[in-house]
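To start, the structure under review is shown below, and the notes come after it.
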Amino acid sequence: MAQRKLYGLVGQNISYSFSADYFAKKFAKEGLANHSYVNFDLDDIDQLPQVIENTPGLAGLNVTIPYKEKVLPLLHKLSKNATRIGAVNTIAFSKKGKLKGYNTDHYGFKKSLKPLLNPHHEKALILGTGGASKAVAFALRKLKIEYDFVSRTATDVVYAYEDLDSTIFNDYQIIINTTPLGTFPNLESCPPIDYSLFT
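For the sequence shown, the residue numbers in the numbering used here are 352 to 550.
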């Protein structure tokens with residue numbers, strides 16, 4: 352009998368996630384009856400080692416908000432891209448139980464954005480400064496697109512939302528939301544910017 356393999360999503364308040372349903376269908380389609388996928392909804396990332404220890408057959412994990420950066424100290428190794436990005440969304444388990452972090456967010460973002468680009472798309476504003484924003488920035492560098500960040504608090508290298516005006520917006524051709532705003536269940540929420548300035 353084939354050994355049972357379990358995979359899962361690590362995050363906080365992730366009851367909305369469609370990952371478990373997606374992988375259940377994918378495993379069924381591929382004839383992988385011994386594979387399953389569950390959510391690990393954690394109040395704190397420090398709970399992860401205990402989850403791993405108490406979950407037989409766990410073979411890999413996906414990581415989502417708010418743990419893409421916070422999980423790094425718990426990993427034994429990072430891929431080159433994950434090291435460069437500073438965030439992970441995938442954890443692979445070795446046969447010896449070592450945890451290696453990867454980041455595939457940058458690949459998915461780059462692949463989805465590239466067909467939409469035109470020659471005038473030279474600069475981007477990235478809304479948010481969390482783990483997802485780091486993967487987006489990495490992808491933009493690969494695409495040779497300049498970028499700046501926007502956050503709730505301004506620094507020497509980050510705009511604050513209240514700083515944004517028509518002069519700033521006119522300097523950017525792409526705006527990317529990497530914040531949780533607009534995700535389930537608050538689909539109508541959005542970053543606090545004046546949308547009339549560019550719509």
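Note that beta-carbon positions come from the ideal geometry of N, C-alpha and C, so glycine has one too. Quick caveat, the model's predicted, so the values are computed rather than measured.
Distance, residue j Cα to residue i Cα
i	j	result
MET352	SER387	Since pLDDT at MET352 reaches only 46, below the 50 mark, its modelled position is unreliable, and the value read off the structure follows with that caveat. In a straight line, the C-alpha of MET352 is about 16 Å away from that of SER387.
ALA375	ASP456	21 Å
ASN528	ARG355	38 Å
ASP394	PRO400	13 Å
PRO543	THR530	11 Å
TYR422	LYS449	A quick correction: the sequence has Val, not Tyr, at residue 422. Roughly 14 Å between the two C-alpha positions.
SER366	PRO536	10 Å
THR480	ALA488	10 Å
LYS431	ASN521	35 Å
LYS465	ALA511	27 Å
ALA443	ASN364	23 Å
TYR498	ASN390	34 Å
PRO417	GLY452	16 Å
Contact with chain B by residue i, beta-carbon distance below 8 Å
i	result
CYS541	Although the question refers to chain B, the structure presented lacks it and comprises just one protein chain.
DSSP three-state assignment for residue i, whether helix, strand or coil
i	result
LEU302	Lying outside 352 to 550, the shown extent of the chain, residue 302 is not represented and no answer is given.
ILE496	coil
SER540	coil
MET352	Reliability of the predicted coordinates at MET352 is poor, the pLDDT of 46 falling under 50, and no value is obtained from them.
TYR523	coil
SER502	strand
LYS449	coil
Cβ shell of residue i (< 7 Å), same chain only, five flanking positions each side left out
i	result
HIS471	GLN524
PHE460	ALA486, VAL487, ALA490
Top-ranked residue by Cα proximity to residue i, from the options
i	options	result
ASN405	LEU357, THR415, ILE436	LEU357
ALA475	PRO466, SER463, LYS495, GLY482	LYS495
GLY533	ASP522, LEU478, ASN521, ASN440	LEU478
SER517	PHE378, TYR546, LYS380	TYR546
ALA483	LEU426, THR415, TYR453	THR415
6 Å CB neighbourhood of residue i in its chain, flanking five on each side removed
i	result
VAL509	PHE500, SER502
Contact test: residue i Cβ vs the ligand MN heavy atom, cutoff 7 Å
i	result
VAL439	Absent from the structure shown: the ligand MN. Ligands present: none.
*Enumerated in chain order, which unbroken segments of the alpha helix (DSSP H) with a length of 4 residues or greater are wholly contained in the region 396-446?*
Counting whole runs of 4 or more residues, the region 396-446 contains the alpha helix (DSSP H) stretches 399-404, 431-436.
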